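**Q**
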Amino acid sequence: MSQVDLDLNVRVADYISANVKLFDTLTLGNDYAPGMSLSYTLQPAGPATRYYDGRRRRSFAFAITAKHPNGIVCINTLSAIMDIMENATPISIKSENGSFKFISAKMTTSPEFLATVQDDDGQDAQKYGVYQGAFSVQVII
30 MSQVDLDLNV RVADYISANV KLFDTLTLGN DYAPGMSLSY TLQPAGPATR YYDGRRRRSF
90 AFAITAKHPN GIVCINTLSA IMDIMENATP ISIKSENGSF KFISAKMTTS PEFLATVQDD
150 DGQDAQKYGV YQGAFSVQVI I
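Numbered by the working numbering, the letters in the sequence shown go through residues 30 to 170 in order.
#1: To the nearest angstrom, how far is it from the Cα of VAL49 to the Cα of THR137?
#2: Would you verify that the beta carbon of VAL166 is, or is not, closer than 8 Å to some beta carbon of chain B?
#3: Answer with buried or exposed for ALA117, where buried requires no fewer than 16 other C-beta atoms within 10 angstroms of its C-beta.
#4: Quick one: what's got a C-beta closer than 7 Å to TYR44's C-beta in the same chain, skipping five residues either side?
#5: Can you check DSSP and say which residues form a bridge with GLN167?
#6: Mind checking GLN161: buried by the 16 CB within 10 Å criterion, or exposed?
#7: Determine, using beta-carbon pairs with one atom in the segment 62-71 and one in the segment 84-97, whether at least three such pairs fall under 8 Å.
#8: When burial is assigned at 16 or more other CB atoms within 10 Å of the CB, is PRO119 buried or exposed?
Here it is as structure tokens:
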């Protein structure tokens with residue numbers, strides 16, 4: 030029996046991109062590239078519950094980082110992402126390769142300010158506010 034790659038992060042990112050007006054492309058990893066950016070990281074959160082048939086109920090934590098010159102845009106974008114994720118259903122987010130079954134999502138951290146960054150050291154360089162929000166997703170794998 031071959032191992033199937035978990036496509037949860039791709040399906041969640043696709044769902045967010047299709048349902049929220051984003052100011053930049055949502056990418057995996059800490060993206061501190063010049064200019065505005067939206068990035069996310071994913072990691073298991075807590076122990077899994079194992080069922081007799083071998084399936085596991087597991088939570089994954091998503092942290093989304095937004096970088097924009099206007100902090101309100103970051104807060105509004107992150108809030109919109111949290112809203113649509115909390116309203117997502119098993120029909121909304123589906124695995125394309127059968128690696129998971131989506132159960133639910135909930136906000137775990139409201140959008141919060143992390144830092145003010147500058148793309149370069151020039152006196153006229155643009156300053157950006159960096160904000161982050163987090164949610165957890167429960168799935169059966």
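Think of the CB as a built atom: it goes at the ideal place given N, C-alpha and C, for glycine as much as any other residue. Fair warning: this is a prediction, and the values are worked out from it, not measured in the lab.
**A** Looking at the coordinates:
#1: When rounded, the distance between both Cα atoms is 19 Å.
#2: Absent from the structure: chain B. Only one protein chain is present.
#3: buried
#4: ALA117, SER121, ILE122
#5: SER88, SER133
#6: buried
#7: yes
#8: exposed
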